[in-house]
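Peer 1: Under this note's numbering, residues 34 to 267 are what the sequence shown spells out, in order. Sharing a structure below in structure tokens format, with a few things to ask.
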Amino acid sequence: MKLLNLLANDMKFHLRHGFYIAYTVLTAMLIGILSLFPEIIKEQAAIILTITEIGSFGSTFIAATIILEKEQKLYDTLFITPLSIHSYIQAKVMALSIPALLSGVILFAISFGVSIMKPEFIIGVMLTSILFSLLGFALATRCDSINGFLLLAAPFGLIFVGLPLVHDLQLFQVPFNSYFPTQGSIQLIRASFEEAHWKDSLRSVFSLSVWIALFYMWAKRWFSSNIVWKGASK
34 MKLLNLLAND MKFHLRHGFY IAYTVLTAML IGILSLFPEI IKEQAAIILT
84 ITEIGSFGST FIAATIILEK EQKLYDTLFI TPLSIHSYIQ AKVMALSIPA
134 LLSGVILFAI SFGVSIMKPE FIIGVMLTSI LFSLLGFALA TRCDSINGFL
184 LLAAPFGLIF VGLPLVHDLQ LFQVPFNSYF PTQGSIQLIR ASFEEAHWKD
234 SLRSVFSLSV WIALFYMWAK RWFSSNIVWK GASK
């Protein structure tokens, strides 16, 4: 129940600050952009746009939430409540992963039809959104502005989004590409267009899940050290 209350409060916060409106506008723009591509490359373009949207905007939106809460001194009251850090992080991630999933579903449904909606696609978009939300959460704990966050996040975007997409486009071979979590994202989303062996899909889900666990521990540690402990020492 506490988690649901936190989730509801976060969703109200995002609605009040226009995050969901921004997601709606972004989705409409992506639908328009995707409609410009010829059919021969439309599927590949959809994969690139989806991964890029989740990787860039998903992490930026949650970072903006953390930075706004810092500016509004909301953490000053956080330390005098029995709030669980786990519940706090989970609510933050869920509040932005759900609209990211809806955005991906709407993009693909309008562009390609509802019939291509496979479980692999839903799972891939959701896990990828959780992954990058946790990344944005962790990095935002060390930033006081969006500009600072963007500078800090740029190398991570290159590694976790740019390199796997470059490899997938066969522009050049990226060593150890199979270990990148985004490679699993690409495979799961591509399953909407191509038959994927269940072992490959399971391997992709496992890879993303492992990275999510690592990012979660990272986010919790940095949130504790950069916000909770600092706030408690004031």
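Ideal Cβ placement from N, Cα and C applies to all residues, glycine included.
#1: Check the C-beta distance from F170 over to I95 and give it rounded, since I have them as a contact under 8 Å.
#2: Could you check which residue in P197, Q206, L202 and H230 has the C-alpha nearest to that of S218?
#3: Tell me whether S117 sits in a helix, a strand or coil according to DSSP, three-state version.
#4: Report all residues from its chain with a CB closer than 8 Å to the CB of N210; omit the five preceding and five following residues, and keep chain order.
#5: Quick check: the Cα distance between F141 and A79, rounded to an integer number of angstroms?
#6: Are the CB atoms of L167 and Y249 nearer to each other than 8 Å?
#7: Tell me the DSSP secondary structure of P188 in three-state form.
#8: Taking just the CA atoms, how far does E228 sit from L164?
#9: A97: which of I84, S148, L40 and R175 sits nearest, CA to CA?
#10: What does the alpha-carbon distance come out to for the pair K35 and V126?
#11: Measure the C-alpha to C-alpha separation of D233 and I192 and round it to an integer number of angstroms.
#12: Write down every uninterrupted run of the alpha helix (DSSP H) in the segment 67-139 whose length is 4 residues or greater and which is fully enclosed by it, in chain order.
#13: Closest to S243 by C-alpha separation, out of L160, L172, F182 and E72, would be which residue?
#14: Using beta carbons (cut-off 8 Å, strictly below), is L235 in contact with chain B?
#15: Excluding the 5 residues preceding and the 5 following G88 in the sequence, name in chain order all residues of the same chain whose CB lies nearer than 7 Å to its CB.
#16: Please identify the residue among V207, N38 and I66 whose C-alpha is closest to the C-alpha of S117.
#17: When the distance is taken between beta carbons, is V147 closer than 8 Å to T5?
Peer 2: Let me spell this out:
#1: Between F170 and I95 the beta-carbon gap is near 5 Å, inside 8 Å, which marks them as a contact.
#2: Ranked by Cα distance from S218, the options P197, Q206, L202 and H230 are led by P197.
#3: Coil, per DSSP.
#4: Hits under 8 Å: L196, P197, H200 and Q216.
#5: About 8 Å.
#6: Taking 8 Å as the Cβ cut-off, L167 and Y249 qualify as a contacting pair.
#7: DSSP places P188 in helix when its eight states are reduced to three.
#8: The alpha-carbon separation between L164 and E228 amounts to approximately 25 Å.
#9: For A97, the nearest C-alpha among the options comes from R175.
#10: K35 and V126: Cα-Cα distance of roughly 15 Å.
#11: Our two residues, D233 and I192, have alpha carbons roughly 22 Å apart in a direct line.
#12: The segment 67-139 contains these whole alpha helix (DSSP H) runs: 72-85, 92-104 and 108-111.
#13: Reading off the sequence, residue 243 comes out as Val, not Ser. Comparing alpha carbon positions, the residue from L160, L172, F182 and E72 closest to V243 is L160.
#14: This model lacks chain B altogether, as it is built from one protein chain only.
#15: Around G88: F165, G190, F193 and V194.
#16: Comparing Cα positions, the closest option is N38.
#17: The question about residue 5 has no answer, for the chain in this structure spans 34 to 267.
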